[in-house]
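Peer 1:
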Amino acid sequence: MWNFIKNREPNIHMKRLFEPFLSYRHFRTRAVDRQNTSSTGLYGFDHLKSPKGFQRFVDEAIERSSELIDYISGMPSSAEIIRAMDEISDTVCSVVDSAELCRQTHPARGFVEEAIKASMKINFLNTNHTLYNAVKKAEQDGHLLTEEARRAALHLHIDFEKGGIHLPSGKLDRVNQLNMDAHKLCREYGENIINDPGYVDIFPASRIPRQIQHLLKPIYRLTSGVSKESLGSYEDEQEKGFRIITEPRTLFSVLQLTPDEQVRKMAYLKGSSVPHANHEVLDKLINSRHELAQIMGCKSYAEFVMQLNMASSPEVVVSFLQEMSNMVKEKADEEFNTIRNLKRDVCGQRCVDLEPWDEAYYTTMMKSSAYNLDSAVVASYFSLPQCIEGLKLLVKSLFGASFDSVPMAPGESWHPDVLKMCIHHPEEGDLGFLYLDLFSRKGKYPGCATFAIKGGRKISETEYQLPVMALVFNFSRSHDSSIVRLNHSELETLFHEFGHALHALLSRTDYQHFAGTRVALDFAETPSNLFEYYAWDYRVLKKFARHYSTGEVIPEKLVKSLNGARDMFAATELQRQIFYALVDQTLFGEQLSVPRDTNSIVAHLKRQHSNEKHVEGTHMHIRFSHFLTYGAGYYSYLYAKCFAATIWKKLCQEDPLSPTTGTLLRTKLLQYGGAKEPADLLTDLVGDGIVRYHNGGIVPDVTSCLEELKLLDDKNRHIGK
3 MWNFIKNREP NIHMKRLFEP FLSYRHFRTR AVDRQNTSST GLYGFDHLKS PKGFQRFVDE
63 AIERSSELID YISGMPSSAE IIRAMDEISD TVCSVVDSAE LCRQTHPARG FVEEAIKASM
123 KINFLNTNHT LYNAVKKAEQ DGHLLTEEAR RAALHLHIDF EKGGIHLPSG KLDRVNQLNM
183 DAHKLCREYG ENIINDPGYV DIFPASRIPR QIQHLLKPIY RLTSGVSKES LGSYEDEQEK
243 GFRIITEPRT LFSVLQLTPD EQVRKMAYLK GSSVPHANHE VLDKLINSRH ELAQIMGCKS
303 YAEFVMQLNM ASSPEVVVSF LQEMSNMVKE KADEEFNTIR NLKRDVCGQR CVDLEPWDEA
363 YYTTMMKSSA YNLDSAVVAS YFSLPQCIEG LKLLVKSLFG ASFDSVPMAP GESWHPDVLK
423 MCIHHPEEGD LGFLYLDLFS RKGKYPGCAT FAIKGGRKIS ETEYQLPVMA LVFNFSRSHD
483 SSIVRLNHSE LETLFHEFGH ALHALLSRTD YQHFAGTRVA LDFAETPSNL FEYYAWDYRV
543 LKKFARHYST GEVIPEKLVK SLNGARDMFA ATELQRQIFY ALVDQTLFGE QLSVPRDTNS
603 IVAHLKRQHS NEKHVEGTHM HIRFSHFLTY GAGYYSYLYA KCFAATIWKK LCQEDPLSPT
663 TGTLLRTKLL QYGGAKEPAD LLTDLVGDGI VRYHNGGIVP DVTSCLEELK LLDDKNRHIG
723 K
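Numbering-wise, this note's numbering comes out as the position in the sequence shown, counting from 1, plus 2.
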């Protein structure tokens, strides 16, 4: 499979160029038909009516790709080569992306197993020299008429060579094997996180605060101390307790809200030391990626993956991260001392130290005390239906379009809870489709993410393939009410992922290769970070956030309190993100002649760039899934944070729901996907000053971000520019 297919977002082609040669019957999704009531398969693909349908789906993709390869081998015009290449990518991505979404979300094991087979079977195109030579010809002959076409040829050329096609056969075989190994290791790492989240049993039940008991599993033990799971009714001699499954979401709630320090400690230690199997998996992944990079002539995997990124080199990234670490250190130290002093006051001991399992609890206590915040009160204004209304508000106010639920054909959905939404513009018609898979369930991808199903691309001057996406969340159903309510952090996450979706749904690129989020990795998180701001602005919240029972509009004072609480420990949170990014850069950076122990690397970096104490036996890196999708690229979140802060300040802050603001966002940023250089898009959107050029690479200007976090003083001001 080509590297360029891995970026996850498909594309389309001009029908008139290839008629009658090209046919669309196999891969035009039915999602574009709102009124379709006939039976179909998953995501609107007819083949996917049953698990075995994945086999035919793959076979037809391979067959169609082979036809296109034969066509390209005749060396048509450069424009036709790039269009045909893009259709191959679109065809293959339809399978790969559908298989990935199915693997992560489908409740039926048969579908999941066939999806895994499908994604492995279609891995065959990166060694095709006919395609490689055709792309080089198209790039070199100077006949491509548009900037996007020339950019597509360049990127395809680079992506082919990142797959090793230019290497001698022995090295190419090794590259293919290493890519296959890395793919399997990434899947194994993720599956281990799901299958071994860890747990601790707590007795008696009274040690667990009532507001989080619904997140935990009741268990019982005999007075002799023998523990067993809840099976129904019990005799008087049985004592009730709770089993804390230490997956990240539950663990964070426990650390935030549990007064019992021993309970917090037990949960933290268990949650930070599993899954054990990922020690070996991560080491193998690091080694595989490093060997791959060296075969490709790079000093490190970090250098290898940054070839098309804005940063351009690991040296630029590490310099940026070190610079930010220095800028936040003083304020982060102050915040740490404040938290530690509170613990000492509460405990009545002047020598007690702040432990890693204490921070969330005492910061939550301070925020609640300073701003009189009650998480249940906050959540009462964010019922899930009203939060969906908030998404509709953004689409209507900014882009003049509607965002409404549309019916699905029989067989299209993978779970009864799934919704299908459509963005519809009164003049332009349907712009794209979005599935929402909102609730947690066993076996489902445990986090929140955006998945591509079909990317947008131009078919002809009058026809465009509409993008189809899915947003996956793990919101908890309420046990004491039929109305699901989100906490504010979950609302922010909803808006973040919706930012990704809008990037995909509103892009209008000629080629699916550049559709939506198929951009430079260190630009991809910018729209999603920008849309987080809308979850904090009272002018936005007052239009949809209403009390689930009384209908009262969220009070402005409450929103101000939420903002104040967020800012209380901003330096500590920023320092943590810098630490994560440095761990990522170091693990996938240059390898020393003596093998490095990942545990000691993480411990060393924590001591350098964090106030949090490192506890022996804890290993954050064995369940940090961003190592898989963002290997050597986690710094992208910090880039995005800075870019988004500047865009918000210069463009959105004055009137965040203005149609003028929306038009600028759409026409100068979102519609281009990856079809233009990110730095050019950013500068065109807000003017000079949003990016800086440093040692041959591009870094964000940090001024707006640091001002927002109240971290910019005279000492830092000259550094940020």
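Glycine included, C-beta positions come from ideal geometry on N, C-alpha and C.
#1: Just to confirm my understanding: we take aspartate 657, look at its own chain, exclude 5 residues before and 5 after, and list those with CB closer than 7 Å. What are they?
#2: First and last residue of the beta strand (DSSP E) that includes arginine 346?
#3: Just confirm the distance between the C-beta atoms of phenylalanine 516 and glycine 689, as a whole number of angstroms; I'd bet it's less than 8 Å.
#4: Answer with buried or exposed for arginine 212, where buried requires no fewer than 16 other C-beta atoms within 10 angstroms of its C-beta.
#5: Would you decide whether cysteine 644 is buried or exposed? Buried here means 16 or more other CB atoms lie within 10 Å of its CB.
#6: Which residues in the same chain as phenylalanine 590 place their Cβ atom closer than 7 Å to its Cβ, once the five residues preceding and following it in sequence are excluded?
#7: Report the CB separation of phenylalanine 384 from arginine 487 in whole angstroms; it is logged as a contact under 8 Å.
#8: Which of helix, strand or coil does DSSP assign to glutamate 614?
#9: Would you mind sorting serine 706 into buried or exposed? The rule is 16 or more other CB atoms within 10 Å of its CB.
#10: Could you tell me which whole alpha helix (DSSP H) segments of length 4 or greater appear in the region 59-135?
#11: Can you tell me whether cysteine 353 sits near the ligand COA, meaning its C-beta is under 6 Å from at least one heavy atom of the ligand?
#12: Buried or exposed, going by whether 16 or more other CB atoms sit within 10 Å of the CB of serine 100?
#13: Just reading off the beta strand (DSSP E) that glutamine 240 is part of, what are its end residues?
#14: Jot down the residue ranges of each uninterrupted beta strand (DSSP E) in the region 442-529, minimum 3 residues, whole runs only, in chain order.
#15: Between Phe162, Asp686, Ser75, which lies nearest to alanine 136 when the distance is taken from Cα to Cα?
#16: Using only CA atoms, which one of Leu630, Thr665, Ser660 lies nearest to asparagine 181?
#17: Give me the Cβ distance between serine 314 and histidine 621, rounded to the nearest whole Å; I'm assuming they're in contact under 8 Å.
#18: Excluding sequence positions up to five away, which residues of its chain have a Cβ less than 6 Å from the Cβ of valine 202?
#19: Using the beta-carbon count (16 or more within 10 Å), is glutamine 215 buried or exposed?
#20: Under the rule that 16 or more other beta-carbon atoms within 10 Å means buried, what is leucine 70, buried or exposed?
#21: Is DSSP giving phenylalanine 405 helix, strand or coil here?
#22: Thinking C-beta only, is leucine 395 closer than 7 Å to lysine 544?
#23: Look up histidine 427 in the DSSP assignment and give the residues it is bridged to.
#24: Of all the options Ile84, Leu284, Phe113, which has the alpha carbon lying nearest to the alpha carbon of leucine 44?
#25: Which two residues bound the contiguous alpha helix (DSSP H) that contains proline 680?
#26: With a threshold of 8 Å on Cβ separation, who are the neighbours of glycine 698 within its own chain once the five nearest residues in sequence on each side are excluded?
#27: Flag this pair as yes or no: are the beta carbons of glycine 94 and serine 121 separated by less than 7 Å?
#28: Could you check if cysteine 424 is buried or exposed, using at least 16 other CB atoms within 10 Å of its CB as the buried criterion?
#29: Starting from proline 702 and walking both ways along the beta strand (DSSP E), at which residues does that stretch end?
#30: Distance, Cα to Cα, leucine 400 vs glutamate 465?
#31: Rounded to a whole number of angstroms, what is the C-alpha to C-alpha distance between lysine 670 and alanine 646?
#32: Compute the beta-carbon to beta-carbon distance between alanine 547 and leucine 375, rounded to the nearest angstrom, for a pair I have assumed lies under 8 Å.
#33: Quickly, what does DSSP pair tyrosine 201 with across the bridge? List them, please.
#34: Would you mind listing the alpha helix (DSSP H) stretches within the region 285-312 that are 4+ residues and don't spill past its ends, in chain order?
#35: One question on the structure: do histidine 498 and glutamate 534 come within less than 7 Å of each other, judged by their Cβ atoms?
#36: Leaving out five residues before and five after aspartate 703 in sequence, what residues of the same chain have Cβ atoms less than 8 Å from its Cβ?
Peer 2: The answer reads as follows:
#1: Taking the first residue of the sequence shown as position 1, residue 657 is located at position 655. Listed in chain order, the non-local C-beta contacts of aspartate 657 below 7 Å within the same chain comprise Thr663, local neighbours out to five positions each way being set aside.
#2: Position 344 of the sequence shown, counted from the start, is the residue given in the question as residue 346. It is not in any beta strand (DSSP E) - arginine 346 instead sits in the alpha helix (DSSP H) that spans 316-349.
#3: Taking the first residue of the sequence shown as 1, we reach residue 516 at position 514. Taking the first residue of the sequence shown as 1, we reach residue 689 at position 687. The pair is not a contact, with the Cβ atoms about 24 Å apart (cut-off 8 Å).
#4: Indexing the sequence shown from 1 puts residue 212 at position 210. It counts as exposed.
#5: For this step, residue 644 is matched to residue 642 along the sequence shown. Taking every protein chain shown into account, the CB of cysteine 644 has 16 or more other CB atoms within 10 angstroms, so this residue is buried.
#6: For this step, residue 590 is matched to residue 588 along the sequence shown. Answer for phenylalanine 590: Ile288, Arg291, Ser302, Tyr303, Ala304, Gly633, Ala634, listed in chain order.
#7: Residue 384 sits at position 382 when you count from the first residue of the sequence shown. Residue 487 sits at position 485 when you count from the first residue of the sequence shown. Contact between phenylalanine 384 and arginine 487 holds, since their C-beta atoms are separated by about 6 Å, short of 8 Å.
#8: The residue you call residue 614 lines up with position 612 of the sequence shown. Of the three classes helix, strand and coil, the one that applies to glutamate 614 here is coil, per DSSP.
#9: Within the sequence shown, numbered from 1, the residue matching residue 706 stands at position 704. By the 10 Å Cβ count, serine 706 comes out buried.
#10: Runs of the alpha helix (DSSP H) inside the region 59-135: 80-107, 111-123.
#11: Because no ligand of any kind appears in the structure shown, any question about the ligand COA cannot be addressed here.
#12: What you label residue 100 is simply residue 98 of the sequence shown in a count that begins at 1. By the neighbour-count rule (16 or more Cβ atoms within 10 Å), serine 100 is buried.
#13: One-based indexing of the sequence shown puts residue 240 at position 238. Taken as a continuous stretch (DSSP letters only), the beta strand (DSSP E) holding glutamine 240 covers 240-247.
#14: Within the region 442-529, the complete beta strand (DSSP E) runs of at least 3 residues are 451-456, 470-477.
#15: On the sequence shown, residue 136 is found 134 positions in, with the first residue counted as 1. Of the listed residues, the one whose Cα sits closest to alanine 136 is Ser75.
#16: Reading the sequence shown from its first residue, position 179 is the one you call residue 181. When only C-alpha atoms are compared, the closest one is Leu630.
#17: Here residue 314 corresponds to residue number 312 of the sequence shown, with the count starting at 1. Here residue 621 corresponds to residue number 619 of the sequence shown, with the count starting at 1. About 31 Å separates the two Cβ atoms, so there is no contact after all.
#18: Here the question's residue 202 lines up with position 200 in the sequence shown. Around valine 202: Ile246, Met268, Ala269, Lys272.
#19: As a first step, residue 215 must be located in the sequence shown, where it is residue number 213. The residue in question, glutamine 215, is exposed, as its Cβ has fewer than 16 Cβ neighbours within 10 Å.
#20: Within the sequence shown, the letter at position 68 stands for residue 70. Burial call: buried.
#21: Reading the sequence shown from its first residue, position 403 is the one you call residue 405. If DSSP states are grouped into helix, strand and coil, phenylalanine 405 belongs with the strands.
#22: Taking the first residue of the sequence shown as position 1, residue 544 is located at position 542. Taking the first residue of the sequence shown as position 1, residue 395 is located at position 393. Taking 7 Å as the cut-off, the Cβ atoms of lysine 544 and leucine 395 do not count as close.
#23: Within the sequence shown, numbered from 1, the residue matching residue 427 stands at position 425. According to DSSP, histidine 427 bridges with Gly431.
#24: Walking along the sequence shown from the start, residue 44 turns up at place 42. Answer by Cα proximity: Phe113.
#25: On the sequence shown, residue 680 is found 678 positions in, with the first residue counted as 1. Its alpha helix (DSSP H) spans residues 680-688.
#26: Position 696 of the sequence shown holds residue 698. Ser314, Ser315, Val318.
#27: In the sequence shown, counting from the first residue as 1, residue 94 sits at position 92. In the sequence shown, counting from the first residue as 1, residue 121 sits at position 119. Reading off the sequence, residue 94 comes out as valine, not glycine. Cβ distance not < 7 Å, so valine 94 and serine 121 don't count as in contact.
#28: To locate residue 424, count along the sequence shown from 1; it is residue 422. By the neighbour-count criterion, in which 16 or more other beta carbons inside 10 Å mark a residue as buried, cysteine 424 falls on the buried side.
#29: Looking up residue 702 in the sequence shown gives position 700. For proline 702, the enclosing beta strand (DSSP E) stretches over residues 699-702.
#30: Position 398 of the sequence shown, counted from the first residue, corresponds to residue 400. Position 463 of the sequence shown, counted from the first residue, corresponds to residue 465. Across the structure, leucine 400 and glutamate 465 are spaced so that their CA atoms are roughly 25 Å apart.
#31: Along the sequence shown, read from residue 1 onward, the residue named residue 670 stands at position 668. Along the sequence shown, read from residue 1 onward, the residue named residue 646 stands at position 644. For lysine 670 and alanine 646, the distance between alpha carbons rounds to 14 Å.
#32: The count along the sequence shown starts at 1 and reaches residue 547 at position 545. The count along the sequence shown starts at 1 and reaches residue 375 at position 373. With 8 Å as the limit, alanine 547 and leucine 375 do not qualify as a contact, their Cβ atoms being about 15 Å apart.
#33: Counting from 1 along the sequence shown, the entry for residue 201 is found at position 199. Tyrosine 201 is bridged to Ile247.
#34: Listed in chain order, they are 303-307.
#35: Translated into positions along the sequence shown, residue 498 becomes position 496. Translated into positions along the sequence shown, residue 534 becomes position 532. In this structure, histidine 498 sits near glutamate 534, with a CB-CB distance shorter than 7 Å.
#36: Position 701 of the sequence shown, counted from the first residue, corresponds to residue 703. The residues are Cys644, Thr648, Gly691, Ile692, Val693, Arg694, Gly722, Lys723.
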